[in-house]
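Visitor: Counting in this note's numbering, the sequence shown runs from 95 upward without gaps.
Built from N, CA and C at the ideal position, the CB exists for glycine as well.
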Amino acid sequence: MPAALSISQEILKPHLEIQGGHTLSRELKVSGAKNSALVLMTSALLSEGPLELHNVPQLTDIQGMADILASLGVRVKRSQETVWLQADDLHHAEPPYDLVNGLRASFFCIGPLLGRLGHAKVPLPGGCRIGARPVVEHIRGLKALGAMVKVEHGVVTASVPGTSRRLKGAAIVLDCPSVGATETILMAAVLAEGTSTIENAAQEPEVQDLAKMLNAMGARVSGAGGPIITIEGVERLHGCNYSVIPDRIEAGTFLIAAAITRSIVRVSPVIPEHLNAVLQKLRDAAAPLRLTSKESRLSREICMA
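In structure tokens:
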């Protein structure tokens with residue numbers, strides 16, 4: 095009886111039920127990459143100018159980040175897959191705990207706030223249950239840029255000493271190529287005085303996407319996508335119009351599902367270079383792939399037939 099009860103309790107938990115035997119529809123649209131969109135949204139804190147983001151996925155986390163930014167004074171407007179943000183009247187450097195507690199990406203606010211305002215106070219991702227370990231590389235990088243940082247009761251408080259309230263360029267070597275640490279340090283360093291380098295930097299597409307958009311805003315970032323990123327600090331950034339990269343995880347999932355179900359599909363938009371490992375394994379499995387390329391990187395597609 096206890097075993098039967100245990101099984102029934104497991105069934106009552108949230109779960110997915112998958113009924114096989116069906117092929118996928120021919121047109122499969124890939125959403126924008128959530129992990130990239132969330133960081134790009136926080137970059138709005140770096141400039142007074144308007145930022146217009148396209149190809150933003152319509153997810154709960156996106157709304158969560160929009161609410162956090164709005165609490166800091168950012169004007170936010172959403173319409174379908176477009177988000178407009180303008181941080182020309184920041185009045186807070188401390189996002190409310192009730193908004194950040196359920197969104198790990200909320201910690202990305204600390205880099206832009208510190209770089210732009212010279213101070214920030216951000217709760218640790220998920221509160222203080224596991225201490226500062228998940229963001230130790232972030233904090234070490236901010237300290238190298240000249241920030242004073244302390245962690246108390248699950249909250250990270252950072253400030254830039256002196257009257258200029260401006261971070262200083264530094265040579266930073268990460269212990270591990272953390273995506274989050276690389277992005278946090280990158281956003282903090284773009285407005286710092288002097289040149290910064292991040293060695294052993296994360297090389298993921300999301301890091302490249304962030305660097306590309308920051309450059310579109312007037313930053314001077316080079317080397318993203320490689321192990322060493324160089325940032326030449328500038329005094330200010332401006333707004334821009336930018337499209338989030340397609341979600342490579344979603345695209346890869348669609349392609350694998352199509353191969354398993356022997357479906358004829360067209361998956362788009364994609365950036366094939368972000369799918370090299372998946373595409374190679376599908377080719378090894380004799381999946382009939384065909385890549386078509388158009389003028390825009392966001393209109394490329396992969397066909398399986």
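Leaving out five residues on either side along the sequence, give the residues of the same chain with a beta carbon under 6 Å from the beta carbon of residue 298.
Guide: So the qualifying residues of the chain are 273.
Visitor: Assuming residue 304 and residue 134 make a contact with CB atoms under 8 Å, what is their CB distance in whole Å?
Guide: Indeed, because the Cβ distance is near 7 Å, the residues count as touching under 8 Å.
Visitor: Within this structure, are the beta carbons of residue 177 and residue 345 separated by less than 8 Å?
Guide: It is not a contact, given that the beta carbons lie outside the stated cut-off.
Visitor: If we ignore side chains and look at the alpha-carbon of each, how far apart do residue 246 and residue 252 end up?
Guide: Answer to the nearest angstrom: the Cα atoms are 11 Å apart.
Visitor: Alpha helix (DSSP H) containing residue 281: first to last residue?
Guide: It spans 273 to 283 - the alpha helix (DSSP H) in which residue 281 sits, taken as one unbroken run.
Visitor: Along the beta strand (DSSP E) that carries residue 179, what are the first and last residues, could you check?
Guide: 176 to 180 is the span of the beta strand (DSSP E), which, as asked, contains residue 179.
Visitor: Reducing DSSP to helix, strand and coil, say where residue 164 ends up.
Guide: Reduced to three states, the DSSP call for residue 164 is helix.
Visitor: Could you tell me which whole beta strand (DSSP E) segments of length 3 or greater appear in the segment 191 to 271?
Guide: Counting whole runs of 3 or more residues, the segment 191 to 271 contains the beta strand (DSSP E) stretches 213 to 217, 242 to 246, 249 to 253, 265 to 267.
Visitor: Out of 370, 287, 334, which has the shortest C-alpha to C-alpha gap to residue 349?
Guide: That would be 370, whose Cα lies nearest to the Cα of residue 349.
Visitor: Less than 8 Å separating the beta-carbons of residue 196 and residue 143?
Guide: No, they are not a contact pair.
Visitor: Need the endpoints of the alpha helix (DSSP H) that residue 339 sits in, please.
Guide: Residue 339 -> no alpha helix (DSSP H), and no H or E assigned at all.
Visitor: From what residue to what residue does the beta strand (DSSP E) around residue 144 run?
Guide: First-last of the beta strand (DSSP E) with residue 144: 144 to 148.
Visitor: Here's the rule I'm using: 16 or more other beta-carbon atoms within 10 Å means buried, otherwise exposed. How should residue 362 be labelled?
Guide: Flag for residue 362 reads buried.
Visitor: Touch check for the segment 257 to 274 and the segment 283 to 297: three-plus C-beta pairs under 8 Å?
Guide: These segments touch.
Visitor: If you follow the beta strand (DSSP E) that residue 326 is in, where does it begin and where does it stop?
Guide: Start and end: 322 to 326.
Visitor: Are the Cβ atoms of residue 131 and residue 151 separated by less than 8 Å?
Guide: Taking 8 Å as the Cβ cut-off, residue 131 and residue 151 qualify as a contacting pair.
Visitor: Sort 333, 373, 365 by Cα distance to residue 351 and report the nearest one.
Guide: That would be 373, whose Cα lies nearest to the Cα of residue 351.
Visitor: Taking the C-alpha atoms as reference points, what is the distance between residue 355 and residue 114?
Guide: Answer to the nearest angstrom: the Cα atoms are 8 Å apart.
Visitor: Short check: CB of residue 368 to CB of residue 342, under 8 Å?
Guide: In contact: residue 368 and residue 342 (Cβ atoms closer than 8 Å).
Visitor: For residue 302, count neighbouring C-beta atoms within 10 Å of its own C-beta (all shown protein chains included) and say buried if the count is 16 or more, exposed if not.
Guide: Burial call: buried.
Visitor: Can you grab the Cα-Cα spacing for the pair residue 180 / residue 357, in whole Å?
Guide: Approximately 44 Å between the Cα atoms of the pair.
Visitor: Would you identify the three-state DSSP class for residue 154, choosing helix, strand or coil?
Guide: In this structure, residue 154 counts as helix in the three-state DSSP scheme.
Visitor: Quick check on DSSP: helix, strand or coil for residue 118?
Guide: Note: residue 118 maps to coil in three-state DSSP.
Visitor: Does the distance from the CB of residue 311 to the CB of residue 332 come in under 8 Å?
Guide: Yes, the Cβ-Cβ distance between residue 311 and residue 332 is below 8 Å.
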